[in-house]
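First up is the structure itself, then whatever we jot down about it.
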Ligand code: LIP
């Protein structure tokens, strides 16, 4: 296609810096409302940043579609094959509210539902993650991954997990069981994975897998705006995003359950994913 992806990345980086200032200024000083339940939170800053982003993108790129977390209408908003900006104005809203320094703006661009540009900016740590399909991904000026593992294996890995906001169905039980199994090992007892981390932001979890500072990230219940930008950053670093159902590895961006693993050779990656699923299934 003749879409200039580098130019889109540059535009998104500029927007991210502007939004980052607002996020930093307001973090820890806002009131919040509930969305679908008492742990699904939104603030006026999420809404204001989304308006700023959509106004800027709609005037610069009127020919492209826009999908944002705060303007999404369940059952109505549809992701199509058209070139679409997919935006989470604040990913990690809970952290933003609590002034915990892991929150970001996540700006993605997809063509035919394939993520092709991703910008994830954490203003607290001044971390600008960027990726363009076919051109690699970066943390500020450094090419990702920052750290290459000598061997990728579930044993001894550092895993991001999230409790998420859906906590009242078997989703929760599956998570509790899988975490226990991953922590203690299937039959041997004692430590298995080195540890769990929850950054509280899907985009930052994926970006850290891309950087090589985490080995994997698993969550059920994501939306396209949680994963679009991070997807590009991770794939360009040699990582892989797979679907949530064991064996069903090809996953669309509008799926809900994801496992993201970093780059290694394809055989190690496959083994890691298979091992992970065996813990989710409890076998
Ligand atoms: C959040 C995610 C986080 C997840 C929550 C929530 P928000 O996004 O990125 O990883 O556990 O379910 O969706 O609401 O802060 O934009």
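Numbering (UniProt numbering), first residue to last: 2 to 284. By construction, the Cβ of each residue, glycine as well, lies at the ideal position given by its N, Cα and C atoms.
Would the beta-carbon of residue 97 fall within 7 Å of that of residue 104?
-> Between residue 97 and residue 104, the C-beta spacing is below 7 Å.
To the nearest angstrom, report how far apart residue 219 and residue 169 are at their CA atoms.
-> Near 18 Å, if we compare the C-alpha coordinates of residue 169 and residue 219.
CA-CA distance, residue 174 and residue 162?
-> When rounded, the distance between both Cα atoms is 14 Å.
Could you give the C-beta distance for residue 130 and residue 208, rounded to a whole number, given that I count them as a contact under 8 Å?
-> Taking C-beta atoms under 8 Å as the contact rule, residue 130 and residue 208 qualify, at a distance of about 4 Å.
Please confirm whether any heavy atom of ligand 1 lies closer than 6 Å to the CB of residue 211.
-> Residue 211: no, Cβ never under 6 Å from ligand 1.
Between which two residues does the beta strand (DSSP E) harbouring residue 277 extend?
-> Taken as a continuous stretch (DSSP letters only), residue 277 belongs to no beta strand (DSSP E), being part of the alpha helix (DSSP H) at 267–282.
Secondary structure, alpha helix (DSSP H): runs of 4+ residues fully inside the stretch 4–74 = Here the runs fully enclosed are 6–27, 45–61.
Going by DSSP, name the residue or residues bridged to residue 131.
-> The partner list for residue 131 (beta bridge, DSSP) reads 120, 139.
Give the single residue among 45, 138, 57, 64 whose Cα lies nearest to the Cα of residue 4.
-> If we check each option's Cα against that of residue 4, 64 comes out closest.
Would you identify the three-state DSSP class for residue 178, choosing helix, strand or coil?
-> The three-state reading of DSSP puts residue 178 in helix, counting H, G and I together.
Is the stretch 237–244 touching the stretch 138–154 in the sense that three or more CB pairs, one from each, lie closer than 8 Å?
-> By the Cβ criterion, the stretch 138–154 is in contact with the stretch 237–244, since at least three pairs of Cβ atoms, one from each stretch, lie closer than 8 Å.
Span of the alpha helix (DSSP H), counted from its first residue to its last, around residue 227 = Segment 225–237, the alpha helix (DSSP H) holding residue 227.
Hey, would you say residue 232 sits closer than 7 Å to residue 116, going by beta carbons?
-> Their beta carbons are under 7 Å apart, which means residue 232 touches residue 116 by this criterion.
In terms of residue numbering, what span does the alpha helix (DSSP H) encompassing residue 91 cover?
-> Counting along the chain, residue 91 falls outside any alpha helix (DSSP H), though it belongs to the beta strand (DSSP E) covering 85–92.
Contact check, residue 223 vs residue 257, beta carbons under 7 Å | A contact, by the Cβ cut-off of 7 Å.
Where does residue 242 fall in DSSP's three states?
-> DSSP places residue 242 in strand when its eight states are reduced to three.
Inspect the beta-carbon positions of residue 201 and residue 81 and report whether they are closer than 7 Å.
-> For residue 201 and residue 81, no; Cβs fall outside 7 Å.
Residue 203 Cβ short of 6 Å to ligand 1 heavy atom set | Proximity of the beta carbon of residue 203 to ligand 1 is indicated: a heavy atom of the ligand is located closer than 6 Å.
Pick from 57, 252, 30 that is closest to residue 287, judged by C-alpha positions | In the structure as shown, the chain begins at 2 and stops at 284. Residue 287 is therefore absent and cannot be evaluated.
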